[in-house]
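Only one structure is covered here, and it is reproduced in the block below.
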Amino acid sequence: MRLVGLTGSIGSGKSTVAQRLRELGVLVLDADEYAREGAAVLKAEICRAFPEACRGDELDRAALARRVFNDPEARKQLEALLHPYVRRRMHEETEKAKAKGHQLVVHDIPLLFETGREGDFAGVLVVAAPNELRMARVMARSGLSKDEFTARDQSQMPQEEKVRRATWVIWNDADLQALRARVDAWYREVVK
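Residue numbers (my numbering): 4 to 195.
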């Protein structure tokens, strides 16, 4: 089984690439999905650490995001709670995939390089796009302000560094059809 890491800066189109890989039959494990699962499981610990992010029995994800994307120490504290859970769940699902005979498994991890995970994979695929295009996509998709986009973008490794460290890079600087064609070409190269 070949294990590949997938990452990219906010607004790069990483989720679109992951979706296309799923359409091609690739098992894609999404770290954000396991982080949401972990936040539910670890809600009591998160509420103790970030009481302003809890409203009764509910975790206020927007309040938590505001706190951690504007406070590097708070972000590290949240990551220390969630990352072990996410790694364990992804490992469990990878072992299941191996037992089922999957040829290729992709781990979709936004903070792949930041968490030192690149050594876990046969290679790392980075999805990249021009900064202005990334910002426009995020602002249109989620309603974030320019300052909120910048805070989130700056909380991650610069895109240029991710590209430099990548095994493969898919540039998402055109339309959806072009992106799909680039993903398909990468897939053919990797599975041959």
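Just so you know, even glycine gets a beta-carbon here, dropped at the ideal spot from N, CA and C.
Looking at Gly-28, Val-193, Ala-38, the one whose alpha-carbon comes closest to that of Ile-112 is Ala-38. The residue from Arg-120, Arg-78, Arg-23 with its alpha-carbon nearest to that of Ala-34 is Arg-120.
Contact check between the stretch 49 to 68 and the stretch 96 to 109: fewer than three CB pairs, one atom from each, fall below 8 Å, which does not count as touching.
Excluding five sequence positions before and after Asp-176, the CB atoms of its chain that fall closer than 7 Å to its own CB belong to Ala-132, Pro-133, Leu-136, given in chain order. Cβ neighbours of Arg-91 within its own chain (closer than 6 Å, five residues either side excluded): none. Here the stretch 142 to 158 does not lie against the stretch 18 to 36, with fewer than 3 beta-carbon pairs under 8 Å apart.
If you look at Arg-120, you'll find it isn't in any beta strand (DSSP E); DSSP assigns it neither H nor E. The Cβ-Cβ distance between Phe-124 and Gly-28 does not fall below 8 Å. When rounded, the separation of the alpha-carbon atoms in Ile-173 and Val-130 is 5 Å. In the structure shown, Gly-16 adopts coil according to DSSP, grouped into three states. DSSP, read as helix, strand or coil, puts Leu-85 in helix.
Per DSSP, reduced to three states, the secondary structure at Val-29 is coil, with no helix or strand assignment. Residue pairing for Cys-57: DSSP places it in a beta bridge opposite Leu-62.
For Ala-131, the enclosing beta strand (DSSP E) covers residues 126 to 131.
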